[in-house]
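Below is one structure, written out as structure tokens; comments come after it.
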Amino acid sequence: MESIIILIFVIGYLSITLEHPLKLDKTVPALIMSALIWAVLAIGFHKGWFNVIDTYENSFSFLDGGTEAEHGFENTLLHHLGKTAEILIFLIGAMTIVEIIDLHRGFEVLKSAVKTKSKRRLLWIIGILAFILSAIIDNLTATIVLITLLRKLIPDKQTRLWYAAMVVIAANAGGAWSPIGDVTTTMLWIAKKVTAGGLIEFVIIPSVVCFALPFLIASYMKPFRGHLVTEELNEDEEAGRLLSSKTMLFLGLGMIVSVPVFKTLTHLPPYVGMMLALGVVWLVSEYIHPEEDFSKERRHLYSAHKALSRIEISSILFFLGILMAVAGLESLVYGVSSEGDPVGTLRYLAEVLQAAIPNQDVVVILLGIFSAIIDNVPLVAASIGMYDSPTDSVLWHFIAYSAGTGGSMLIIGSAAGVAAMGMEKIDFIWYLKKIAWLAFVGFIAGAGVFLLIERVLFAH
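Under UniProt numbering, think of the first position of the sequence shown as 1, with each following residue one higher.
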């Protein structure tokens, strides 16, 4: 009977990865898969077909435990829903703050930083902006902001494609070393697998290598030689900014960055800090005057209510579906461990992988490569259920790096890539031919540097 649950997951997973050919939003199979897995799990549990296991390694059998086992099942479901909700509330808060900044045209301020006509220099400026911004506001949002900026700077579509593709590499590399830079690092951080300090300390140098090497190679390639006609920042564009643009940009980014600090000081989960950050930004946005003659009638144009209506709820629901589906797999008892204790499906898979590929580093590099083909969110969610290494262990840092940067190898391998593909209509095959090898070189070089630092220089 266990095979039914695994089959539901496999079919759902395939539907998610084939969302473009199927022309079906990946949220749909994620939600259906999640509900069906828990439905079959509940029916099978009450019929005595299989047992469930919670995150504390307690196994429950309805036939043996009766009401107590029933409570165990309910608590396991509630625990997983609570952990998933922590991630969702965090993401809703971050997305809303970014939308409030955008409503106040805060990102227009970044345009003034780009005043070069050299293609090579522009490549590095855009790359460094993507790397830093993605660590602060997440790689998806940073990509959207920078491609919007590129549209204003580079009129030629073919030239812009190259820059947009390079932004994907830089944004994914920048998101990998920050607890708020990528959904997967946020998941690891909220699950207490990594700390903000540990992630920055051990993953930032490999991430810089992963970003800098492809950019160094690309800066000698034909598309980035010579000069281009950039549109100068004239008075009209200056006037396009609002009185509140600078204030809301720095306040919004500052409040997002304050979340890890809040967690360190209070030891509360990150979503509480994000709730405070959103509250402060929302409060200021209610009273700030974006225009000289600001009237009540125009207040709704810059309100947090409008920002909330612009956030992508389908993404939030996708994470809900996929994380709860993975939680269902994690809760299903599937065989016993090498010590003879009952284990969940994912932990059992980890033991099988360990036996087949004894080197854990090779497994994590493969996970990075697979994250380019299939979504990295369920891959990381599964790895959290598979391994029980301590906080800030080499394994979790390497998973954060691999899952964050590996997706750059294909345009569909990351949220940043999908956003760039949608905005600039980047062709899958074009990216595969022109950019994939650059992303691979960066990924492998960064992985090598990571292993050198963690396994050789600071072996622990």
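Just so it is clear, CB atoms sit at the ideal spot from N, CA and C, and this is done for glycine as well.
| What's the C-alpha gap between residue 443 and residue 279? | 38 Å
| Pairwise C-alpha distance: residue 350 and residue 58 | 19 Å
| task | Taking only runs that begin and end inside the segment 17-64, name each unbroken alpha helix (DSSP H) of 4 or more residues, in chain order. | result | 19-22, 27-47
| Cβ pair residue 76, residue 52 closer than 7 Å | yes
| Assigned exposure category for residue 80 - 16 Cβ within 10 Å defines buried | buried
| What is the rounded straight-line gap between the Cα of residue 8 and the Cα of residue 153? | 47 Å
| Roughly how many whole angstroms lie between the Cα atoms of residue 87 and residue 172? | 19 Å
| request: Would you check if there are 3 or more beta carbon pairs closer than 8 Å linking the segment 183-197 to the segment 142-157? | output: no
| request: With a 10 Å radius around its C-beta and 16 neighbouring C-beta atoms as the bar for buried, classify residue 255 as buried or exposed. | output: buried
| Status (buried if at least 16 other CB within 10 Å, exposed otherwise) for residue 476 | The structure shown does not extend to residue 476, since the chain is modelled only from 1 through 460, so no value can be given for it.
| field | Bounding residues of the beta strand (DSSP E) (the contiguous stretch that carries residue 334) | value | 333-336
| Under the three-state DSSP convention, the category residue 413 falls into | coil
| query | Considering only residues of the segment 308-362, which uninterrupted beta strand (DSSP E) runs meet the minimum length of 3 residues and lie entirely inside it, listed in chain order? | reply | 333-336, 342-344
| task | Kindly identify the DSSP beta-bridge partner or partners of residue 118. | result | 227
| request: Can you have a look at residue 63 and say buried or exposed, based on whether 16 or more other CB atoms are within 10 angstroms of its CB? | output: exposed
| Among the residues of its own chain, which have a CB less than 6 Å from the CB of residue 162, if the five just before and after it don't count? | 223
| task | Just mark residue 379 as buried or exposed, buried being the case when its beta carbon has 16 or more other beta carbons within 10 Å. | result | buried
| For residue 2, which of helix, strand or coil comes out of DSSP? | helix
| task | Can you grab the Cα-Cα spacing for the pair residue 317 / residue 16, in whole Å? | result | 13 Å
| query | So is residue 376 buried or exposed if we call it buried at 16+ other beta carbons inside 10 Å? | reply | buried
| field | alpha helix (DSSP H) segment containing residue 287, residue limits | value | 270-287
| query | In or out: residue 503 buried (at least 16 other Cβ within 10 Å) or exposed? | reply | As displayed, the chain neither begins before 1 nor continues past 460, which places residue 503 out of reach and without an answer.
| field | Which of helix, strand or coil DSSP assigns to residue 267 | value | coil
| said: For residue 323 and residue 159, I'd like the C-alpha separation in whole angstroms. | reply: 38 Å
| query | How is the alpha helix (DSSP H) around residue 151 delimited, first residue to last? | reply | 139-153
| residue 184 and residue 403: beta carbons closer than 7 Å? | yes
| task | Check whether the segment 386-400 touches the segment 112-122, counting contact only when three or more Cβ pairs, one atom from each stretch, lie closer than 8 Å. | result | no
| said: Just to confirm before moving on: does the CB-CB distance between residue 311 and residue 95 stay below 7 Å? | reply: yes
| query | Counting Cβ pairs, one atom from each stretch, are 3 or more of them under 8 Å apart for the segment 242-250 and the segment 200-208? | reply | no
| Are at least three pairs of beta-carbons, each pair with one atom in the segment 414-431 and one in the segment 443-454, less than 8 Å apart? | no
| task | Classify residue 405 as buried or exposed, calling it buried when 16 or more other Cβ atoms lie within 10 Å of its own Cβ. | result | buried
| request: With residue 379 as the anchor, note down where its alpha helix (DSSP H) starts and where it stops. | output: 376-386
| said: So for residue 292, helix, strand or coil by DSSP? | reply: coil
| message | Quick test of your reading: residue 353 and residue 329, contact by CB under 8 Å. State the CB separation rounded to the nearest angstrom. | response | Actually they are not in contact, since the Cβ atoms of residue 353 and residue 329 sit about 15 Å apart, beyond 8 Å.
| query | Can you tell me where the alpha helix (DSSP H) with residue 202 in it begins and where it stops? | reply | 196-218
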